[in-house]
Amino acid sequence: MSDLILSVDTALGEVPINLIALIDDTDFKTREESVVFNQSGLDLLFNFITKDGVFTQTAVTPTDTAGDYDWINQGNGMYTIEIPASGGGTINNDAEG
Numbered sequence: 111m112s113d114l115i116l117s118v119d120t121a122l123g124e125v126p127i128n129l130i131a132l133i134d135d136t137d138f139k140t141r142e143e144s145v146v147f148n149q150s151g152l153d154l155l156f157n158f159i160t161k162d163g164v165f166t167q168t169a170v171t172p173t174d175t176a177g178d179y180d181w182i183n184q185g186n187g188m189y190t191i192e193i194p195a196s197g198g199g200t201i202n203n204d205a206e207g
């Protein structure tokens, strides 16, 4: 699988949250197609590796609309999030990695 390559210092409108569809934890086969930004138990971490190989993890609190980290349901258990170029509360798209 190839790496995801995104431009730096630009606002990103739809950064993938998951590589495969989210699956229900009761039957382990049904797609989770209605996860919302403030879902109970949602734990979203941004993993970042710098060009020097330093790994960091930062918790991100998704927003619904007009926030820094808008949560977008793309359908079929796939989700994306917006990331600002700068000025975000926890993460920004302002570093090469």
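Numbering of the sequence shown is given in my numbering, commencing with residue 111 and proceeding in unit increments.
Built from N, CA and C at the ideal position, the CB exists for glycine as well.
query, result
"Bridge partner(s) assigned by DSSP for alanine 169", "Leu155"
"Sheet register partners of valine 125 (DSSP bridge)", "Ile191"
"Glycine 185 - partner residues in DSSP beta bridges", "Met188"
"Status (buried if at least 16 other CB within 10 Å, exposed otherwise) for leucine 170", "Here residue 170 turns out to be valine, not leucine, going by the sequence shown. Classification of valine 170: buried, given that the 10 Å Cβ count is 16 or more."
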